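Numbering (UniProt numbering), first residue to last: 58 to 360. Note that CB positions come from ideal geometry on N, CA and C, so glycine has one too. Since the structure is predicted, the reported quantities are computational estimates derived from the model, not experimental observations.
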Amino acid sequence: WPALAPTIHAINILKKQRNAVILAHNYMTPDIFHGVADIVGDSLQLAIEATRTDADVIVQCGVHFMAETSKILSPDKTVLIPDMKAGCSLAESITAADVRGLRERNPGVPIITYVNTSADVKAECDICCTSSNALQVVESFGVDKVFLIPDKYLAANVGNKTDVEVLIWDGACEVHERFTAQELRDYRKIEPGVKIIAHPECPPEVVAEADFAGSTAHMIDWVKTRRPEKVMMITECSMADNVASETPDVDFIRPCNLCPHMKRITLNKILDSLLEMKEEVVVDPAVASRARQAVERMINLKS
Ligand code: 13P
Ligand code: SF4
58 WPALAPTIHA INILKKQRNA VILAHNYMTP DIFHGVADIV GDSLQLAIEA TRTDADVIVQ
118 CGVHFMAETS KILSPDKTVL IPDMKAGCSL AESITAADVR GLRERNPGVP IITYVNTSAD
178 VKAECDICCT SSNALQVVES FGVDKVFLIP DKYLAANVGN KTDVEVLIWD GACEVHERFT
238 AQELRDYRKI EPGVKIIAHP ECPPEVVAEA DFAGSTAHMI DWVKTRRPEK VMMITECSMA
298 DNVASETPDV DFIRPCNLCP HMKRITLNKI LDSLLEMKEE VVVDPAVASR ARQAVERMIN
358 LKS
């Protein structure tokens, strides 16, 4: 991207001057993903990297709950997000008071929170999980019933793989809930031989139509190792864009859906963020310390 080269160059210089690291989710656009990110990955990988970096500043290229997770794990670092309005329909679907209500009505039932929640919500939960490890976390309690909040589809997809009863909250990802099983069946007719891989935030009937379901990192690994002739990634659009340059032998068939929140993060906003050291993500220390326990319990689970 020749027109973007000066911005990419300026960001990379500023990163060194500020001793900053850029953590970028797999849904970032290719200019960010390939041009300025130091670490790319799914939610689990980014959370783990946030505990490992010795940078003074973390620039979180992703949505707000991801930046909060980094701050929870690295309270002494400055965590910046290039656009404070980068939210998430899942994180907005539940509050800390909702979790307290669930606990009151269901005493003794463990509450697992998907990482896509606010720090306030994480602070009320027993443990965190991501789409990479949700099944392992659900089974780690050794009980017959758990809550997995707030994504009803992730919970249902995990519930389909285990004997544990997985109780839900009525939240959904606005990107993945729009895919339908019928649309996948139609694409198989138009594109014979296409491999379809889906994110587990999709409805169960969509996952049932897919050849594979996994986190964004697992989807990327699947394409890189299996090298299908044609593949359709049932997830956010930047995924195919990011992996396509590394797998020129694979034909990527759309559709995909854009996440309007992830797309708020742009190269120009990253530059402004590093120039002006904005916008700083702050988490109340008392909330952060309770939320940290939930996230660290997940990270410390043996795989
Ligand atoms: P993962 O990258 O952990 O699979 O999560 C996808 C997502 O929707 C993040 O917002
Ligand atoms: Fe939230 Fe879905 Fe966007 Fe991820 S893709 S940030 S889950 S709305």
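Query	Result
Between K291 and C316, which are expected to be in contact by the criterion C-beta below 8 Å, what is the C-beta distance as a whole number of angstroms?	According to the sequence provided, residue 291 is Ile. The question's Lys does not apply to it. With a Cβ gap of about 13 Å, I291 and C316 do not count as contacting.
Taking all protein chains shown into account, decide if G216 is buried (16 or more other Cβ within 10 angstroms of its Cβ) or exposed.	buried
Report the rounded CA-to-CA distance for H82 versus I96, giving the unit in angstroms.	8 Å
With H, G and I counted as helix, E and B as strand and the rest as coil, what does DSSP make of E240?	helix
So A112 and A143 are supposed to be a Cβ contact under 8 Å. How far apart are they, rounded?	That belief does not hold up - the Cβ atoms of A112 and A143 are roughly 21 Å apart, past 8 Å.
For N190, collect the residues of the same chain with a Cβ closer than 8 Å to its Cβ; drop the 5 residues on either side in sequence, then sort them by chain order.	L101, M355, L358 and S360
Taking the Cβ atom as the reference point for each residue, do A124 and A348 lie within a distance shorter than 8 Å?	no
With a threshold of 7 Å on Cβ separation, who are the neighbours of S197 within its own chain once the five nearest residues in sequence on each side are excluded?	L358
Count the other C-beta atoms from every protein chain shown that fall within 10 angstroms of the C-beta of L331, then say buried if there are 16 or more, exposed otherwise.	buried
Check whether the Cβ atoms of S175 and S272 lie closer than 8 Å to each other.	no
Thinking C-alpha only, which one of P257, N325 and W279 is nearest A60?	N325
Who sits around the ligand SF4, taking every residue whose Cβ is closer than 7 Å to one of its heavy atoms?	Y84, V120, C145, S146, L147, A148, N173, C230, E231, V232, H233, E258, E293, C316, H318 and M319
Within 10 Å of its beta-carbon, does G228 have 16 or more other beta-carbons around it, so buried, or fewer, so exposed?	buried
If I'm right that D280 touches D177 with Cβ under 8 Å, what's the distance once you round it to whole angstroms?	A small correction: the amino acid at residue 280 is Val; Asp does not occupy that position in the sequence shown. So it is not a contact: roughly 36 Å between Cβ atoms.
Output needed for A148: all residues of its chain with C-beta closer than 6 Å, excluding positions within five of it in sequence on either side, in chain order.	F122, N173, T174 and S175
Going by beta carbon distance, what residues of the same chain come within less than 6 Å of A270, once the five residues before and after it are set aside?	A255, P257 and V264
What's the gap between the Cα of residue 21 and the Cα of S295?	In this structure the chain extends from 58 to 360, so residue 21 is not present and cannot be described.
Hey, out of I310, T110 and D88, whose CA is closest to I62's CA?	Residue identity check: residue 62 is Ala in the sequence provided, not Ile. The candidate whose alpha carbon is nearest that of A62 is D88.
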